[in-house]
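Chains as they are written, first to last, in my numbering: chain A, 1 to 299; chain B, 1001 to 1261. Heads up, the beta-carbon is just placed ideally off N, CA and C, and yes, glycines get one too.
Printed below as a string of structure tokens:
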């Protein structure tokens, strides 16, 4: 048997990861925590050094506790109650997150479906792409903060529940990266692979599902990760002009109003919001890892 | 077999016709290939040998002349799955196992699962890769990948094998072994093979006929019968008639105005 270059390379790769007794997942967790620790340290260091230099050197942000609360105060406020009969802030924020996450998830699903449909349509017809792509691009040049209230007002006129409008705003941010990346992915197969399919007299459907769509998978997962965060941002921004009394966006807004009396609450809400996005991205990364597990360089 | 596998009459191909970068890739190609023949198209790059192969496979349309494959238009022959194409790049789908790659054409042709699995196994055995059925392409060497591509070509039993420099990217030793294997497969299956190459030893060793082509515009300048005894073996490569044939092909290329190093 001839020398199997690919296999030997793979074996080397395995050796490299097996040489260290620490599993890779654990190592990346250590790195994550180390970077988190240095961020916290940098925040606190800025406060200490800033206090000493205040008045001597112009500073971008004032280092006092009103502008930059201590990290422990931000984390600490998560475990306090506003009213004695209320649960702690962390639980309150997580409940609001759940509400927002539902809106984001629906927006994500709808936006992804629209994005896939556009990409498949465009991949089948250059004419369709040339006709509609400018509008797809234009849709994203409209500032979201301008269009969000309009969608909310229209939704209210039609009589929809407000969360539907919020999900639409979320979907509006989601479909674009999905459409663009999926289209690129559907066009990514080697031209020879497309010729091969032609030589089999394969139909468009077979070519799409057996060659183009699998080839697009890595592109699609990149898009889904971008879209996951975009769906949360869309839902948060969508909640702002709405009359909802629920959701993380509303919580952020009310903490903005009370920033002077409790700045750490706003930071705490921001922390929870980013945790929400990160878990969403984490779920998609896990699915990606599973789906692409047999591709080159995946192990 | 006496039915013509390929007939070309006055076939020409012009790319970008009418524009400033117009290229006459082929001009006045007359060629008849009989069933069961092994015909090599040899010539320098730009002589249109790959274009001629693609014309036969209906991947490119001729600008002039008439082409027939298995007594039909190339288009009909493609729809009838009369031929299999093997490219210089193995072009395996990286997300499919070796077995599933070989099954690809059968899936498209609607063959049921049990039959697909049996046939893909048979043909992987034929190219001596039976044990790699569950491997992924990137776990195989270049030569092994190309053998998978050949199995994928043979698996739906096409009458014609169109090969576009299939061993061009392989090292010399692998290449010679692959040539032996291909000879063996050709003898056992009785397929017609049209084989594009720019290697004189390869063309002479494999072929029953060598078609010599020259560029600008691409045309056939000579057709050389290679009557070396079958089956061709390792000893063939060291025989005097083999060297004489190589010289003949080399002379033909030179006569066509092609510099041969």
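If I measure Cβ to Cβ from residue i and keep anything under 8 Å in the same chain, skipping five residues before and after, which residues do I get?
| i | result |
| --- | --- |
| residue 1248 of chain B | 1224 |
| residue 260 of chain A | 66 |
| residue 964 of chain B | With chain B running from 1001 to 1261 in the structure shown, residue 964 of chain B is simply not present. |
| residue 16 of chain A | At residue 16 of chain A, the pLDDT of 44 sits below 50, so the modelled position is not reliable; the number obtained from the coordinates is stated separately. Once the five neighbours on either side are set aside, residue 16 of chain A has no close Cβ partner at all. |
| residue 79 of chain A | 88, 89 and 90 |
| residue 103 of chain A | 163, 166, 167, 170, 235, 238, 239 and 247 |
Under 8 Å between the Cβ atoms of residue i and residue j?
| i | j | result |
| --- | --- | --- |
| residue 26 of chain A | residue 111 of chain A | no |
| residue 241 of chain A | residue 121 of chain A | no |
| residue 245 of chain A | residue 220 of chain A | no |
| residue 1164 of chain B | residue 1212 of chain B | no |
| residue 1198 of chain B | residue 1042 of chain B | yes |
| residue 1226 of chain B | residue 1193 of chain B | no |
| residue 190 of chain A | residue 197 of chain A | no |
| residue 166 of chain A | residue 239 of chain A | yes |
| residue 256 of chain A | residue 266 of chain A | yes |
| residue 1217 of chain B | residue 1026 of chain B | yes |
| residue 309 of chain A | residue 151 of chain A | The requested residue 309 of chain A is not part of the displayed model; chain A covers only 1 to 299. |
| residue 1079 of chain B | residue 1155 of chain B | no |
| residue 1011 of chain B | residue 1064 of chain B | yes |
| residue 1190 of chain B | residue 1170 of chain B | no |
| residue 1161 of chain B | residue 1153 of chain B | yes |
| residue 1038 of chain B | residue 1141 of chain B | no |
| residue 1137 of chain B | residue 1146 of chain B | no |
| residue 1093 of chain B | residue 214 of chain A | yes |
| residue 1201 of chain B | residue 1173 of chain B | no |
| residue 1057 of chain B | residue 199 of chain A | yes |
| residue 43 of chain A | residue 71 of chain A | yes |
Is residue i helix, strand or coil when you go by DSSP?
| i | result |
| --- | --- |
| residue 1192 of chain B | strand |
| residue 259 of chain A | coil |
| residue 240 of chain A | coil |
| residue 293 of chain A | coil |
| residue 1023 of chain B | strand |
| residue 1045 of chain B | coil |
| residue 1214 of chain B | strand |
| residue 1006 of chain B | strand |
| residue 1222 of chain B | strand |
| residue 1209 of chain B | strand |
| residue 264 of chain A | helix |
| residue 302 of chain A | Lying outside 1 to 299, the shown extent of chain A, residue 302 of chain A is not represented and no answer is given. |
| residue 1040 of chain B | strand |
| residue 1235 of chain B | helix |
| residue 1033 of chain B | strand |
| residue 1257 of chain B | coil |
| residue 234 of chain A | helix |
| residue 1028 of chain B | strand |
| residue 247 of chain A | coil |
Run the CB neighbour count on residue i, radius 10 Å, all protein chains shown included, and call it buried at 16 or more, exposed below.
| i | result |
| --- | --- |
| residue 1183 of chain B | buried |
| residue 1020 of chain B | exposed |
| residue 280 of chain A | buried |
| residue 58 of chain A | exposed |
| residue 1095 of chain B | buried |
| residue 161 of chain A | exposed |
| residue 1230 of chain B | exposed |
| residue 992 of chain B | No answer is possible for residue 992 of chain B: it lies beyond the span of chain B, which begins at 1001 and ends at 1261. |
| residue 234 of chain A | buried |
| residue 135 of chain A | exposed |
| residue 64 of chain A | exposed |
| residue 1219 of chain B | buried |
| residue 82 of chain A | exposed |
| residue 243 of chain A | exposed |
| residue 1082 of chain B | buried |
Can you determine whether any heavy atom of the ligand GTP sits closer than 7 Å to the C-beta of residue i, and answer yes or no?
| i | result |
| --- | --- |
| residue 55 of chain A | This structure lacks the ligand GTP; in fact it carries no ligand of any kind. |
Which residues in the same chain have their Cβ closer than 6 Å to the Cβ of residue i, if we skip the five residues on either side of it in sequence?
| i | result |
| --- | --- |
| residue 252 of chain A | 269 |
| residue 114 of chain A | 175 |
| residue 228 of chain A | 280, 281 and 284 |
| residue 1235 of chain B | none |
| residue 100 of chain A | 235, 247 and 248 |
| residue 1013 of chain B | 1025, 1026, 1051, 1062 and 1063 |
Could you pull out every residue in the same chain whose Cβ sits closer than 7 Å to the Cβ of residue i, ignoring the five residues on either side in sequence?
| i | result |
| --- | --- |
| residue 222 of chain A | 181 |
Could you tell me whether any Cβ in chain E is nearer than 8 Å to the Cβ of residue i?
| i | result |
| --- | --- |
| residue 1246 of chain B | Here the protein chains are A and B, and chain E is not one of them. |
Runs of alpha helix (DSSP H) lying entirely within the segment 129–209 of chain A, each at least 4 residues, in chain order: 144–158, 162–186, 191–199 and 204–207
4-residue-minimum alpha helix (DSSP H) runs that sit fully inside the segment 51–123 of chain A, ordered along the chain: 71–77
Minimum length 4: unbroken alpha helix (DSSP H) runs contained in the segment 1078–1116 of chain B: 1098–1108
Completely contained alpha helix (DSSP H) runs for the segment 1125–1201 of chain B, where each covers 4 or more residues: 1142–1154 and 1172–1189
Contiguous alpha helix (DSSP H) assignments of at least 4 residues, all confined to the segment 1054–1081 of chain B: 1074–1079
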